[in-house]
Amino acid sequence: MRAVIDNEPECVKVLSPDGTVLDMNRAGLAMLKAHSNNAVIGHCSFDFVHPDDRDSYRLMHERALAGEPSQLQARAIDLDGNTLWIESHAVALRSDDGDVASVLCLTRDITQERASLDKLQQQKALLSIASRLGRIGASAIDVPSMDVTWSDELAALHEMPAGFSPTFDTVLDFYPPEHRRRVVETFQACSLHGKPFDLELEILTCSQRRISVRCIGEAVRDADGTIVRVQGAFQDITAQIEAQQEILRLNAELEQRVRQRTAQLEMANSELQAFSYSVAHDLRAPLMAIGGFSQAPEDMLAKDGSERVAHYVRRMRAGVLRMSEMIDALLSLANLSRTELRWERVDLSALAERARESCSHEAGAAAQVRVRPGMLAHGDPRLLQLVMDNLISNAYKFSSTVASPRIEVDCLEGPAGETIYEVRDNGVGLDMAYSANLFGAFQRLHMPTEFPGTGIGLANVRRIISRHSGRIWAHARPGEGAAFFFTLGKEPA
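Be aware that the sequence shown starts at 11, since it is given in our numbering, and climbs by one per residue.
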């Protein structure tokens, strides 16, 4: 008998009626981290129980003495001071005369089981919180009994009390008539053929409130592969559906507003175009008359009249010419905004050479011009020709007063790997303190008496570069020339 007890894998101990340990097997000694019987035998068994559980343990012992088999889960403390969970079963051992002589107690270590159970309870609590927060409920339908089980959250979703267990027909009644056939067909496909499902449906709650739900489910099979249950989860997605519908409504409203604004903008541009041409025509007509009628007296005065009067007439004609040039510049600026870009591969070196040749003939200047060959870009060749014409024309103009004018057209690689194109001269330069006005329409940093022009050229250049998704900037110092840099973006997809 002793050998049987010692080989028992669980703790077996014999206690006196007052709870003193009379005997304990090897498994019990190991459980309590006792190296010998002396550490346990003769000691009160209650001392090895956690103080908070001793009253319950003593009650179990008293019931055993009274002849009632009893059991208890409690915390024990081993000799190293560690706490462990134990499950004990106690029965009375009687002497030959029938009196209770001792108590036999079988105890096993359930620490791991309790830890797993506690973790499971925590996970269930977290799952319950997540289900309530996400409004997610669960359902199971047994096959073939068709017994339905709902989680409390799913019952709440339907505005039903916790513990509500509907029949399959009752479940169908919660769906609007237009969804019921789809629900039945989906359930049959899953319960008969194991086909999983993922649906968005509407249900009618107990108060006939219509809500949107997402339903995901699958078949559960037994060991033989037979489908025994269809289980799934339901989530209330009413808020998401309403948010999506609101987004669609706002997008439609935004698109309508964009169409209205676009139509208004097109009308305004059309009116502005008509206005610019009207202004140009209305201004040009009297200017032409003034210019024509002033030509005759100027010719006459040059032959017979006063040189002072001829001087005034010449100034009047110069003003007319200046006004005509500004009208042309105004129209060119308006036209640039309407010109459609024609993207293609462009040889900027060739465009620069063409601009150089044109400027050298017009100015008759002997500037040294160096153009880097092979500068290729992507853009509209007509508009990029205007860029080169304006920049190189300005370089000729503002270097015309120096002894040995030099102009360079070059390119370099920028910090981000982009190509930067450059037009540089050694002319009069400019004060960068006024650079904010450099690319403005009709903005000039030099007097017209010094250098002629309308102040529209660089504004046109900036507009062209902007339409090519590029940048333009300048570096200059008075008396030390100027350098204009620009980049070109990529063609829109």
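Heads up, the beta-carbon is just placed ideally off N, CA and C, and yes, glycines get one too.
Computed from a prediction, not measured in an experiment: that's the story for all the values here.
Beta carbon of residue i nearer than 7 angstroms to that of residue j
i: R487; j: G439; result: yes
i: I475; j: F496; result: yes
i: S359; j: M385; result: yes
i: A387; j: V356; result: yes
i: S161; j: G147; result: yes
i: C54; j: G91; result: no
i: L89; j: A44; result: yes
i: P415; j: A377; result: yes
i: N400; j: G491; result: no
i: L127; j: F244; result: no
i: G427; j: S409; result: no
Residues near residue i in its chain [Cβ-Cβ closer than 8 angstroms; skip 5 each side]
i: R239; result: A150, I151, D152, V153, A229, V230
i: E123; result: W95
i: H60; result: A84, R85, A86, I87, T93
i: P383; result: S359
Distance, residue j Cα to residue i Cα
i: N470; j: A253; result: 47 angstroms
i: E97; j: V24; result: 16 angstroms
i: A373; j: K407; result: In this prediction, A373 has a pLDDT of 48, which is less than 50 and means its spatial position is unreliable; what the coordinates show is noted afterwards. Computed Cα separation, rounded: 8 angstroms.
i: V50; j: M170; result: 58 angstroms
i: I213; j: L202; result: 24 angstroms
i: C200; j: N261; result: 39 angstroms
i: M34; j: E18; result: 11 angstroms
i: L211; j: L167; result: 14 angstroms
i: G489; j: V412; result: 9 angstroms
i: L351; j: R220; result: 54 angstroms
i: D119; j: S46; result: 19 angstroms
i: W483; j: D208; result: 59 angstroms
i: C216; j: F184; result: 8 angstroms
i: S368; j: V268; result: 45 angstroms
i: Q255; j: A249; result: 10 angstroms
i: L258; j: T272; result: 21 angstroms
i: D234; j: D57; result: 52 angstroms
i: E276; j: Q266; result: 15 angstroms
i: K129; j: P425; result: 58 angstroms
i: H189; j: I237; result: 25 angstroms
i: S105; j: S175; result: 55 angstroms
i: Q198; j: A125; result: 41 angstroms
i: G52; j: R68; result: 17 angstroms
i: C421; j: Q270; result: 44 angstroms
Close Cβ partners of residue i (< 6 angstroms) along its chain, the five nearest in sequence each way excluded
i: S479; result: G499
i: I247; result: S222, R224
i: H485; result: A493
i: C21; result: A37, G38, M41, T117
i: M70; result: S80, L82, A100
i: R481; result: T497
i: R73; result: S80
i: V193; result: Y185
i: D16; result: N35, R36
Nearest to residue i (by Cα), restricted to the options the options
i: V419; options: L396, R481, F494, F449; result: F494
i: D232; options: I213, L164, I257, G204; result: G204
i: P502; options: S112, D33, D390; result: D390
i: R85; options: A74, L211, H53, S66; result: S66
i: R434; options: A446, H53, V379; result: V379
i: Q241; options: Q250, I251, G227; result: G227
i: E78; options: L103, F56, A125; result: L103
i: F178; options: M156, P186, P187, W160; result: M156
i: D109; options: E367, A125, I417, L75; result: L75
i: M398; options: T236, T196, A362; result: A362
i: I417; options: E423, S370, L393; result: S370
i: R2; options: M442, K129, C421, R477; result: The chain is shown only over 11 to 503; residue 2 falls outside these bounds and no answer can be derived.
i: E354; options: E317, P383, L394; result: L394
Close beta carbons around residue i, own chain, < 7 angstroms, minus the five adjacent residues each side
i: L396; result: N470, I474
i: S26; result: L32, S112
i: D63; result: A84, R85
i: V181; result: V158
i: V381; result: S359, A362, E363, R366, V419
i: P206; result: C200, G227, E228
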